[in-house]
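Under my numbering, the residue at position 119 of the sequence shown is numbered 214, and the numbers go up by one with no gaps. Ideal placement from N, C-alpha and C gives every residue a C-beta, glycine not left out. Everything below concerns the one structure shown next.
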Amino acid sequence: MAVNTFKGETGSGKSSLVNLILGEILLPHSVLSTTSTICEMRYGDQPRIVAHFKDKDPETGLPVREVQLKAATSEQSYLQQISPFVHVKSDREKGSIYKKVELFWPHQLLKVFISYVTVHGSFLSYVCSYSYSYESKT
96 MAVNTFKGET
106 GSGKSSLVNL
116 ILGEILLPHS
126 VLSTTSTICE
136 MRYGDQPRIV
146 AHFKDKDPET
156 GLPVREVQLK
166 AATSEQSYLQ
176 QISPFVHVKS
186 DREKGSIYKK
196 VELFWPHQLL
206 KVFISYVTVH
216 GSFLSYVCSY
226 SYSYESKT
């Protein structure tokens with residue numbers, strides 16, 4: 096498993112690039128800052144989110160919340176289901192309540208790569224607390 100990291104200045108197109116590669120608009124994108132937490136893209140047979148709280152889920156008191164994504168419809172796209180977990184619309188100075196959000200998605204590329212879309216400046220502290228390895232499957 097290889098790790099692929101997309102990092103850069105606010106509004107530089109990290110989320111747009113991931114959306115383009117995966118062929119689906121999953122992450123919010125704009126010239127302004129839209130991704131407010133680290134997004135870890137992983138392979139999964141079914142689309143789902145695992146949100147890791149900085150503290151605990153205010154509703155359940157648990158450290159994580161798992162949400163199965165519903166099939167996209169004209170009323171609710173995948174982007175609309177994912178945005179509340181990765182985009183802070185108000186009180187941006189407080190930041191996100193999530194340490195990271197894992198997005199499991201059924202795309203073959205994610206069987207080979209784990210991708211990280213980072214908030215500018217937040218990735219370094221994240222990397223310092225986790226280690227990654229590359230496993231060749233050849």
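Going by the beta-carbon positions, is the gap between residue i and residue j smaller than 7 Å?
| i | j | result |
| --- | --- | --- |
| F180 | V196 | yes |
| R143 | F199 | yes |
| T132 | S191 | yes |
| K194 | K149 | yes |
| D152 | P201 | no |
When DSSP labels each residue in this structure, what does residue i get in the three-state scheme?
| i | result |
| --- | --- |
| G216 | For G216, the predicted model reports a pLDDT of 45, less than 50, meaning its position is unreliable; a value from the coordinates is still stated below. Looking at G216 - three-state DSSP - the assignment turns out to be coil, as it is neither helix nor strand. |
| K194 | strand |
| S210 | strand |
| V183 | coil |
Within its chain, find whatever has a CB closer than 6 Å to the CB of residue i; leave out the 5 residues flanking it on each side and keep chain order.
| i | result |
| --- | --- |
| H215 | Only weak support exists for where H215 lies, its pLDDT of 46 falling under 50; the coordinates are left without a value. |
Per DSSP, which residues does residue i bridge with? Please list them.
| i | result |
| --- | --- |
| T155 | Partner(s): none; T155 has no beta bridge. |
| A97 | F208 |
| Q163 | R143 |
Within the same chain, show all residues whose beta-carbon is closer than 8 Å to that of residue i, passing over the 5 residues directly before and after it, in chain order.
| i | result |
| --- | --- |
| N114 | I120, L121, L122 and H124 |
| G108 | H124 |
By Cβ distance below 7 Å, which residues in the same chain neighbour residue i in space, the five residues on each side in sequence not counted?
| i | result |
| --- | --- |
| S210 | N99, F101, V113 and M136 |
| I111 | The amino acid at residue 111 is misidentified as Ile; the sequence shows Ser. Answer for S111: H124, listed in chain order. |
- Can you list, in chain order, the stretches of the beta strand (DSSP E) that have 3 or more residues and sit fully within the segment 113-150? 133-138 and 143-148
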